[in-house]
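One structure is given here, and the rest of the page talks about it.
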Amino acid sequence: MNFLRGVMGGQPAGPQQSGAETIQKLCDRVASSTLLEDRRDAVRALKSLSKKYRLEVGTQAMGHLIHVLQTDSSDSEIIGYALDTLYNVISNDEEEEQEENSQKEAEDLGSQLTDALINEQENITLILRLLEEFDFHVRWPGVKLITALLKKRCGPVQGIILVSPMGVSRLMDLLADSREIIRNDALLLLQQLTKGNAAIQKIVAFENAFERLLDIISEEGSSDGGIVVEDCLLLLLSLLKNNSSNQNFYKEGSYVQRMKPWFEVRDDNSGWSAQKVTNLHRMLQLVRVMVSPVNSPGAISSCQKAMHHCGLLQQLCAILMATGVPADILTETINTVSEVIRGSQDNQDYFASVNAPSNPPRPAIVVLLMSMVNERQPFVLRCAVLYCFQSFLYRNHKGQEEVVSTLLPSTIEASSITAGQLLCGGLFSSDSLSNWCAAVALSHALLDNPAQKEQLLRVQLATSAGTRPSPCCSSAPTSSPRAIRSSAGPSHQNVSYLTGQISENQGEDERLVQGLCALLLGICICYNDNSLENHTKEKLKQLIEKRIGKENFVEKLSFISKQEQYSRAAHQPQPTGPTPEHMLFDHQFTKLVKELEGVVTKSVYKSSEEERKEEEVKKTLEQHDSIMTQYKELIREQDAQINELKEQVVSLSSQSEQMKRTVAQQVLQIQQHRDQHSILKLKLEKGSQQAGGQGEEAQMNGLQREELSRLREELQELRGRSARLEAELADRNAIITSLNSERAQTVNGLENNAETLKELEALRSRVASQSTQISQLQAEKQDLLKTAAQPAKEAVDPAASDLQSLLTAQTQESQRLKEEVRRLAESGAGAERQLASANSSVAVLEAERARLQEELAESRKEQDDLLMLLADQDQKITTLRSRLKALGEPIEDEDDLDSQDQGDDDDDEPDDD
């Protein structure tokens, strides 16, 4: 006990001793009492002493209280007392107004008691299990205790809850509690639970946290709600910030669309309460989290599209142009609009179409630029406008062209204020911040856009009335020489001035100017084409070595990146700073400095021999690139030719298949002709008995001659098509041979270049693969030639021979038939009379047959009529029988009648005998 007091900073014995003894007795009573009422009273007494005697209760009673939570869980009252006692000894809410030393001691004590409690992970699991109890006296103290533990030891408690079965789910269920005090404290608990832990953030998000939080925000009145809305927004920020998985889930769940009603500004003149300003500020932060430049480009683009399609961007622009909006909300709205439109062409186009409600209407961009160059506007607001203008021009060549065009004389209208006029006015303003903002804004109109850089060279500016206009690029502000920004742009831009500035030993305030001068002089060395005889690369380097020294020059160059303002600007694209004096660097300029610093340093230390070698290497590489470009073009052409040849091969294949089908059809027709010939032969044999067959045979011979002539024509057409196919295939082979020779010449030319050995290996492999493809194509073409020509010849030639033999046989048969016809003709008129008699007999028989058929049809009709009459008679007999039976007359059944008729027939037989 004394050891624990010494470790935890306990107070000396005295009046505290009686309290310690009382606590000891109460602990013994909790441990030894068998009655629940006695234990409950002892725990209640420990709760009343826990705030005043945190050390004693925490060190002596913690184990007993945990045991009570384990064994007496059925009694909600004693559980509630135990949880309250543990919360009191861990938390130091009652000591917030004490002195700083006392607060530090209280914090240390709470942290040490927290360590003692979470040393056993089962204790946290036990408390989480108790949260399932719906009783208010158990759940509310449990929520406060878990929150206090997370505040004291966030990381360890998060780890325990994460591995605890259903740990996060039990805490998420608290949001559905109908008692607002528990729900509101659960929001604070989840804020602590999700702080800096991506795994827990994902679990909470997939436990339907977004839906519940947005419902609570709507129920509480959105931006007009109280602190509960702020707590929900803080929890949403904790779940989404730097968590790409949750951001994607939030977007895909269509929760972005539910944010639109938050930004509906009503003209009810109700004022802006402090809580409403805070809520709206958090809501704008939530939008910025979804489109922050630190997110992946794909995620940013999809969120920007969703915000534009659902109308959220329109709502933000409405706040931007509304009146009576507080300055901090307006500033944050401008920053939010900046990131919603940054890099999105559709959103940038929409923003360009927004007009301010003025008379006459002015574009929103112009109105914002008027605020930026107005020195009476708040500093943070002017920085926000600059960020918005930069975001509007980011990767927006169309917007850049529109801004630069307002600087050209042909597009300026005297009756209107343009962006170009405002930027030029800012360049020559007496306010140094306006100078800097206008210069940075104008530089973003030229960023990655060579065409607009050339256009800006045409712009002529006059700094005052009566002065001669000078190029815009050389009209640097000099009205504030005491400011570093203005000193960085001197009017005497020449080598002597730059070397003089670098070589002087100036104070700390001028170190940045020296660094910028060193950077500018280094750029003159790196990108010097030696066109000026007095300022070649080598002479500038000699000048640096003599007047400045290489080491001194590099040291002065490093002054830029060592500035605190440089680090702040390089961190994020949004221009920020505590005061206007800290606004020295633009984010894009820091990227340029980072890129050029190493290049300039390397160029200064290089010797002329090294530069000469580099120039040679550069030229060699340019030649190599030229050769590679030519070879790539050749490969593209050859690929196109190969694709064309492949299409031709496919066409030839289809033609070959069609020819095969044609040959098959012709073979089938030949077979049909043979069958017809056989039939004709049989008919001719019968013609010897009938004289009329002579005319029919002559007609059949005429038809066969026509069919044979048609087949001869088709045969000639097939032979001509086969010859054309052979010629086309020969042309294809010649083209492939020429392609192979060209490739061989190209490869031989490339092998002579020693600098391209590595590239040649890759190119050779590709050439080899293409040669293989060409060989395969040649093989396919040879196969096609064989399959297209040979089957045609093999199929057509036998067909022609068959046709010829058939013609010969038919000719012989015709001669024989003619002889038979003459022989039959000699037999005379007897055969003709027999034929006429036979014809007349046939006519008589045909007439008789027609008559008999008519009689048969009439007989069938009469029979059908009789059957119908019999059916009607049977129906009538049946009806009469039923009526007689109904009247009581004895009627014999049909079976009896049949048997009686049979008996009568039997009696009649002997008489007949």
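Just so we're aligned, residue 19 is where the sequence shown starts under the working numbering, counting upward by one.
Ideal placement from N, C-alpha and C gives every residue a C-beta, glycine not left out.
Neighbour-count burial assignment, residue i, 16 or more Cβ in a 10 Å radius
i	result
Ala658	exposed
Phe603	buried
Tyr623	exposed
Ala38	buried
Asp466	exposed
Gly342	exposed
Arg57	buried
Ser549	exposed
His299	buried
Val618	buried
Tyr545	exposed
Gly173	exposed
Integer-rounded CB distance, given that residue j should sit under 8 Å from residue i
i	j	result
Phe577	Gly533	3 Å
Arg47	Tyr99	Not quite, the Cβ-Cβ distance comes to about 13 Å (not below 8 Å), so this is no contact.
Leu330	Lys278	5 Å
Ala382	Thr349	At roughly 15 Å, the Cβ-Cβ gap does not stay under 8 Å, so Ala382 and Thr349 are not in contact.
Asp203	Pro159	With 8 Å as the limit, Asp203 and Pro159 do not qualify as a contact, their Cβ atoms being about 10 Å apart.
Leu167	Ile136	7 Å
Ile435	Val384	6 Å
Minimum C-alpha distance to residue i - residue among the options
i	options	result
Leu538	Asn266, Leu207, Ser549 and Gln519	Gln519
Lys568	Gly595, Phe603 and Thr517	Thr517
His415	Asp449, Val161 and Gln470	Gln470
Leu192	Ser240, Gln478 and Arg147	Arg147
Glu69	Asn106, Asp90 and Glu150	Residue identity differs from the one stated: residue 69 is Lys in this sequence, not Glu. Closest option to Lys69, Cα to Cα, is Asn106.
Ser291	Leu334, Gln333, Ser241 and Ile318	Ser241
Ala437	Leu475, Gln478, Ser389 and Arg413	Ser389
Glu198	Glu238, Ser262 and Met677	Glu238
Gln130	Leu144, Thr143 and Asn110	Asn110
Ser91	Ala889, Leu144 and Gln42	Leu144
Ser319	Val309, Gln881 and Lys43	Val309
Glu270	Leu902, Met325, Ile895 and Gln332	Met325
Leu334	Pro344, Val358 and Lys323	Val358
Limits of the unbroken alpha helix (DSSP H) element including residue i
i	result
Ser448	No alpha helix (DSSP H) holds Ser448; DSSP gives it neither H nor E.
Thr351	Ala345 to Ile359
Leu163	Phe154 to Lys170
Asp4	As shown, the chain starts at 19 and ends at 931. That puts residue 4 outside it, with no answer to give.
Tyr268	Ser262 to Glu270
Ser187	Gly185 to Met190
Lys323	Pro315 to His327
Phe224	Ala216 to Phe224
Gly289	Note, Gly289: premise wrong, no alpha helix (DSSP H); not H, not E.
Ile562	Lys555 to Arg565
Thr89	Arg72 to Thr89
Rounded C-alpha distance that separates residue i from residue j
i	j	result
Ser452	Pro375	25 Å
Gln363	Ala463	15 Å
Leu255	Tyr273	14 Å
Glu876	Asp883	11 Å
Ala223	Thr594	32 Å
Ala194	Gly443	58 Å
Leu399	Leu253	28 Å
Ser671	Met646	36 Å
His605	Phe407	14 Å
Leu73	Ile108	10 Å
Arg188	Ser50	33 Å
Ser409	Ser314	17 Å
Cys250	Ile178	24 Å
Gln139	His82	17 Å
Glu640	Glu634	10 Å
Asp346	Lys650	58 Å
Glu573	Trp454	26 Å
Met301	Phe228	14 Å
Pro468	Glu582	32 Å
Thr354	Arg360	10 Å
Glu248	Leu411	34 Å
Lys636	Glu627	14 Å
Within-7 Å CB hit, residue i to chain C
i	result
Thr424	Of the chains in the structure shown, none is chain C; there is only one protein chain.
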